[in-house]
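K.L.:
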Amino acid sequence: MNSTALEICPSILHYHNAVHISYIVWRSCGLLCIIFGIPGHLFSIIILSNKKNRKEPTSLYFLAIACCELIFLLASMSIDRNFIILYPTRYRLIITRHHVLRRIVLIFLITILFMIPHHFYYYYNKNTTLSICEFHKFIDRWKIHVWPFIHAILFVSIPSIITCISSVMLLHNRRKHRRLTKNILGEKARRIERNSILIVFISLALAFTTLPIVILEIFIVHDRLFNHEIYCLTRWKTYKILLNWFLTLASFSYSCKFYIRLMISRTFRKEFLQLLNCIFRRKDKINEQHLMALNKQNKIRTTGI
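Take the position in the sequence shown, starting the count at 1, then add 4; the result is the number in the numbering used here.
1. Can you name, in chain order, every residue of its own chain whose Cβ lies under 8 Å from the Cβ of R107, other than the five neighbours on each side?
2. Please name the residue, chosen from I290, F272, L277 and R179, that lies closest to S63 on a Cα-to-Cα basis.
3. Are the CB atoms of L46 and F66 nearer to each other than 9 Å?
4. May I ask which residues mark the beginning and end of the alpha helix (DSSP H) holding R85?
5. Ends of the alpha helix (DSSP H) at F256?
6. Taking Q27 as the reference, give the member of I89, L247, H226 and H176 with the closest Cα.
7. Would you say I88 and L78 are within 9 Å of each other, going by their C-beta atoms?
8. Suppose contacts are defined by Cβ-Cβ distances below 9 Å. Is I75 in contact with F159 by that definition?
9. Determine, using beta carbons only, whether T100 and P61 come nearer to each other than 9 Å.
10. Confirm, please, whether the CB-CB distance from S269 to C37 is below 9 Å.
11. Rounded to the nearest angstrom, what separates C33 and S257 at their Cα positions?
12. Looking at L266 and G41, is the spacing between their C-beta atoms short of 9 Å?
13. For my contact list, I83 and S170 are in at a C-beta cut-off of 8 Å; report their separation, rounded to the angstrom.
14. Drop a sphere of 10 angstroms on the beta-carbon of L97, count the other beta-carbons inside from all chains shown, and report buried for 16 or more, exposed for fewer.
15. Tell whether a beta-carbon distance below 9 Å holds between K180 and V23.
16. Between the C-alpha atoms of C168 and L277, what's the straight-line distance to the nearest angstrom?
17. Alpha helix (DSSP H) containing T62: first to last residue?
18. List the endpoints of the continuous alpha helix (DSSP H) containing L97.
19. Helix, strand or coil for S48 per DSSP?
20. By Cβ distance below 6 Å, which residues in the same chain neighbour S321 in space, the five residues on each side in sequence not counted?
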């Protein structure tokens with residue numbers, strides 16, 4: 005049996021080098037994405053928290069996404085924006101600021117209730133071959149086995165499908181409206197169209213970066229439950245390589261949202277430039293006050309002499 009395992013796994017050293025390279029790429033690229041992503045999210049929070057943007061329901065969704073990445077928020081925002089497009093005379097009665105805030109809080113609470121209990125199934129094992137946690141022995145195996153599938157369906161698949169369908173419907177409506185008006189669109193219609201394109205980009209980015217990690221999690225859990233006596237380590241090293249590359253892709257998606265919004269949305273770009281001008285003007289004012297104070301002190305000293 006051992007000789008068979010050795011015949012199946014002749015290239016363990018080759019996989020070890022690939023794991024090491026993927027680990028270096030993940031650590032370096034992940035760090036760079038975080039360095040470039042955190043300032044962008046901070047700028048988004050500052051811009052979307054001003055007095056004007058706080059009144060818009062869509063800005064509240066983007067503010068929540070900047071604080072915590074949840075695809076449920078994109079799904080809810082896409083549904084609301086479709087309702088705004090399809091029923092422009094009735095949406096103000098249903099999609100209000102207070103309703104959006106309640107929905108965001110409800111999404112956060114439901115996510116916490118679903119996600120936190122799952123993490124109590126694990127404990128840290130430093131001897132593991134994949135640098136992941138082990139399952140507690142007293143936990144029923146069916147709970148461990150079914151949870152990745154529930155997570156993949158509820159937290160990734162359904163919100164991604166809702167977001168993509170809503171975005172396609174919204175873009176189709178915008179295209180039809182532009183064709184009827186012969187490319188004569190108002191500023192508000194153009195802003196809605198740009199926001200629609202932005203939602204499509206962000207939703208596809210979240211879907212294509214979150215879904216591979218969840219699928220990989222399903223395969224890992226399946227092998228740890230049913231193939232725990234496997235002799236070949238090549239599969240585990242392959243999982244480790246894929247995990248590092250998928251995490252790199254997810255970190256890139258995390259860091260580029262602010263820059264995509266900055267390129268697409270003219271209003272957001274204008275508010276960002278206003279924020280930078282305000283910061284620089286404040287620094288210049290502080291420097292002027294400091295120079296005036298120094299000049300005043302010098303005058304007092306010269307008069308004293």
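Even for Gly, the Cβ is constructed at its ideal location relative to N, Cα and C.
From a predicted model like this one, the values you see are computed outputs, not experimental measurements.
P.N.:
Quick look at the numbers:
1. Position 103 of the sequence shown, counted from the first residue, corresponds to residue 107. Same-chain partners within the cutoff: S80.
2. Walking along the sequence shown from the start, residue 63 turns up at place 59. Checking every option, the nearest Cα to that of S63 belongs to F272.
3. Within the sequence shown, residue 46 is the residue found at index 42, counting from 1. Within the sequence shown, residue 66 is the residue found at index 62, counting from 1. Going by C-beta atoms, L46 is not nearer than 9 Å to F66.
4. Along the sequence shown, one-based indexing puts residue 85 at 81. Taken as a continuous stretch (DSSP letters only), the alpha helix (DSSP H) holding R85 covers I75 to L90.
5. Within the sequence shown, the letter at position 252 stands for residue 256. First-last of the alpha helix (DSSP H) with F256: T238 to I268.
6. Stepping through the sequence shown from its first residue, residue 27 is reached at position 23. Just to set this straight, residue 27 is Tyr in the shown sequence, not Gln. Out of I89, L247, H226 and H176, L247 has the C-alpha closest to the C-alpha of Y27.
7. Along the sequence shown, one-based indexing puts residue 88 at 84. Along the sequence shown, one-based indexing puts residue 78 at 74. At least 9 Å separates the beta-carbon of I88 from that of L78.
8. Working through the sequence shown from its first residue, we reach residue 75 at position 71. Working through the sequence shown from its first residue, we reach residue 159 at position 155. In this structure, F159 lies closer than 9 Å to I75 by Cβ.
9. By one-based count along the sequence shown, residue 100 stands at place 96. By one-based count along the sequence shown, residue 61 stands at place 57. Cβ atoms of T100 and P61: closer than 9 Å.
10. As a first step, residue 37 is located in the sequence shown; it is residue number 33 there, counting from the start. As a first step, residue 269 is located in the sequence shown; it is residue number 265 there, counting from the start. Not in contact: C37 and S269 (Cβ atoms no closer than 9 Å).
11. On the sequence shown, residue 33 is found 29 positions in, with the first residue counted as 1. On the sequence shown, residue 257 is found 253 positions in, with the first residue counted as 1. Those two C-alpha atoms are separated by around 12 Å.
12. Taking the sequence shown and counting its residues from 1, one reaches residue 41 at position 37. Taking the sequence shown and counting its residues from 1, one reaches residue 266 at position 262. Remark: C-beta atoms of G41 and L266 do not approach each other more closely than 9 Å.
13. For this step, residue 83 is matched to residue 79 along the sequence shown. For this step, residue 170 is matched to residue 166 along the sequence shown. S170 and I83 do touch by the CB rule: their CB atoms are close to 6 Å apart, below 8 Å.
14. Here residue 97 is taken as the residue at index 93 of the sequence shown, counted from 1. L97 comes out exposed.
15. Within the sequence shown, residue 180 is the residue found at index 176, counting from 1. Within the sequence shown, residue 23 is the residue found at index 19, counting from 1. The Cβ atoms of K180 and V23 lie no closer than 9 Å to each other.
16. Along the sequence shown, read from residue 1 onward, the residue named residue 168 stands at position 164. Along the sequence shown, read from residue 1 onward, the residue named residue 277 stands at position 273. Distance between the alpha carbons of C168 and L277 is about 31 Å.
17. Here the question's residue 62 lines up with position 58 in the sequence shown. Here the alpha helix (DSSP H) through T62 covers P61 to C71.
18. The count along the sequence shown starts at 1 and reaches residue 97 at position 93. Looking at the DSSP string, the run of the alpha helix (DSSP H) that includes L97 is Y95 to I98.
19. Position 44 of the sequence shown holds residue 48. It is helical.
20. Within the shown structure, residues of the chain are numbered from 5 to 309, placing residue 321 beyond reach of any answer.
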